[in-house]
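In our numbering, the protein residues as written are 940 to 1271.
Beta carbons: idealized from backbone N, C-alpha and C, even for Gly.
Please read the structure below before turning to the comments.
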Amino acid sequence: MNFGVIGYGYWGPNVVRNLTALDDSKVLGIADLSEASRKRAAAQYPGIRVTPDAGELIRSAEIDAIAIVSPVWTHYELAKAALENGKHVFVEKPFTSNTAQGEELIELAARKNLRVMVDHTFLFTGAVKKIRQLLDEGVLGKLYYYDSMRVNLGLFQHDVNVLWDLAPHDLSIMDHLIGLNPEAVVATGQRHLNGHEDVAYLTLYFPEKVIAHINVNWLSPVKIRMTLIGGEKKMLLWNDLVADEKLRVYDKGVDVTTQEGIYDTLLHYRSGDMWSPQLSQAEALRSELGYFVDCVTSGKDPFNDGQAGLRVVKMLEAADASLNKKGSLVYL
Ligand SMILES: NC(=O)c1ccc[n+]([C@@H]2O[C@H](COP(=O)([O-])OP(=O)(O)OC[C@H]3O[C@@H](n4cnc5c(N)ncnc54)[C@H](O)[C@@H]3O)[C@@H](O)[C@H]2O)c1
C-alpha cells in the first residue's frame, strides 16, 4: 500500500519510520510546510519525494492512503480532501477539532467506502492489551475507577490546550477498556503561559458507578505516566515509564459483608499477592499501522475508527465546556 505522509514535525518521523519498515507499505511522499522539516525528511529518506504541498500527495494517483500527522486544526480539511480524492485516511489523535467535523468525515468515508483510522497508539501497547484481557477474563472484577497522571514539561502545542493534547490518550484507553459512554464530565484547569490551559484535571462519571480522573500537565518538573485501575477483585498499577514490571496486579481489595443481627456493614481488607504479567514488547505504532494496512486490504473497519475518534472528541468538547464554566458538571 502506498502512503503519503503529511506533517514531519515531532510525531511524523515515527509514522514514516514504521511505514517504511512494514512489508506491505511504502511511503511515496512526505509533505510539510516547514523548510526545516522538509530538509530533515529529505536527508533521512533520499528516495522519498518531499514537498511543501500536501495537495500534491492527496491528488496523486499512485497513493492509496494519507497519514495526517499535522496539528489538530488541520486534520479536518486534510482528511476531507484525502477522502474526496478516494484515499484511505490514518489521522492523528484527536480526530478533529469538533464533533460536526468528525461526523462529516465519518459520513464521507462511508459514502466513498474508505477506511478511517484514528491514531490511538496506546491501544496497541502490550500494557493496554493485557489490561483489556484482564478485564475481559473477569480477573479485575467489576470496574470501580480509572485514575491517571500524564504530566511532563512541554511540549506546548500552539493550537490546543493540554486536555486536547494529552487527554486523548487516556480517553481512548478508557473508551476501549470501560466500553461505556460517560454520562457527565467536570474539568478544571488554568492557563499560565500561552493562552491555553497547561494544567488540567478531568473527572468523568460513567454508568454503573465507574468513575475516571485524569491529571494532565505541561508544567511538571518530572515526566509521570501512571494509571491506577481499581476493580472489585483486583487492582492494578501501570507505570509506563519503567522497563520492567510496567504493570503490577495487586490482589488487594475490600470485601463487604453484612450479617443478620449485625447492624453495621463489615469491611474486610484483603491484601494478597502482587504479580507482574509479561507484556508484548512490539512497538505499538508499528502494530497499529500494520493493522491499518490489513483493514484497508480486507475492507474491514478498524476498532479505532472515526466513531472511536468521535467519542473522544465529544468528551473533549464537553471537558472544554466544563473548563470554561470553572468546573461545572456538563452532561454528554
Ligand atoms: N499518537 C501519539 O502518541 C502522538 C504523539 C505526538 C503527537 N501526536 C499528534 O500528531 C499530530 C502532530 O503533532 P506533532 O507533535 O508532531 O506536531 P509538530 O508541530 O511537531 O509537527 C507538525 C508538522 O506539521 C506541519 N504542517 C502543519 N500544517 C501542515 C500542512 N497543511 N501541510 C503540511 N504540513 C503541515 C508543520 O510544519 C510541522 O512540521 C498532532 O495531532 C498530535 O496530537 C500524536
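- Look at E1222 here: in three-state DSSP terms it is coil, with no helix or strand label.
- Along the stretch 957 to 998, the beta strand (DSSP E) occurs as fully enclosed runs of 3 or more residues at 965 to 970, 988 to 990, listed in sequence order.
- H1027 is positioned such that its CB atom lies no closer than 8 Å to that of A1247.
- Assigned with DSSP and collapsed to three states, G1170 falls in strand.
- Rounded to whole angstroms, the separation of the alpha carbons of E1042 and R1187 is 38 Å.
- With a cutoff of 7 Å, G1041 does not count as near ligand 1, since its C-beta is closer than that to no heavy atom of the ligand.
- Relative to ligand 1, the nearest heavy atom lies less than 7 Å away from the CB of L1017.
- I1112 has its CB no nearer than 7 Å to any heavy atom of ligand 1.
- Look at the stretch 1179 to 1264 and you find these whole runs of alpha helix (DSSP H), each 4 residues long or longer: 1223 to 1237, 1245 to 1263.
- A direct Cα-to-Cα measurement between F1063 and D1203 gives close to 45 Å.
- In the DSSP annotation of this structure, the continuous segment of the beta strand (DSSP E) that includes Q1129 starts and ends at 1123 to 1130.
- Around the beta carbon of D1212, a 10 Å sphere encloses fewer than 16 other beta carbons of the protein chains shown; the residue is thus reported as exposed.
- At the C-beta level, V1055 and V1078 stay beyond 8 Å of one another.
- Apart from the 5 residues on each side of it in sequence, L1022 sits with its Cβ closer than 7 Å to the Cβ of V1028, L1044, L1047, A1048, K1051, L1053 in its chain, given in chain order.
- In summary, P952 is buried, with 16 or more beta-carbon neighbours lying within 10 Å of its beta-carbon over all protein chains present.
- If you keep only unbroken beta strand (DSSP E) runs of at least 3 residues inside the stretch 1087 to 1166, you get 1123 to 1130, 1136 to 1144, 1150 to 1156.
- Closest option to P1107, judged by alpha-carbon separation, among N1263, S1226, F1145, A1258: A1258.
- With a threshold of 16 other beta carbon atoms within 10 Å, S1215 falls short and is exposed.
- In this chain, the beta strand (DSSP E) harbouring G943 covers 941 to 945.
- Distances between the C-beta of S1087 and the heavy atoms of ligand 1 are all 7 Å or more.
- Counted as a single uninterrupted DSSP element, the alpha helix (DSSP H) harbouring D1075 occupies residues 1065 to 1075.
- The stretch 1073 to 1088 and the stretch 1164 to 1172 touch, with no fewer than 3 CB-CB distances between them shorter than 8 Å.
- Here R1250 is buried: its Cβ has 16 or more other Cβ atoms, across all protein chains shown, within 10 Å.
- Counting along the chain, the unbroken beta strand (DSSP E) around H1027 starts and ends at 1027 to 1031.
- Its Cα nearest to that of V1125, the residue K1264 stands out among V955, K1264, K978, F942.
- Here L1017 is not near G943, since their CB atoms are 8 Å or more apart.
- Ligand 1 has a heavy atom closer than 7 Å to the beta-carbon of I945.
- Taking C-beta atoms as the reference points, V1101 and W1177 fail to come closer than 8 Å.
- For K978, the shortest separation between its Cβ and any heavy atom of ligand 1 does not lie below 7 Å.
- When DSSP reads this structure, I1005 sits in a beta bridge with G943, V1028.
- When Cβ pairs closer than 8 Å are counted between the two stretches, the stretch 978 to 988 is seen not to touch the stretch 1033 to 1042, the count staying below three.
- Beyond the five residues adjoining it in sequence on each side, D963 comes within less than 7 Å, by CB distance, of M940, V1232 in the same chain, given in chain order.
- A Cβ-Cβ distance of about 7 Å is found for the pair R979 and Y947, placing them in contact under the 8 Å criterion.
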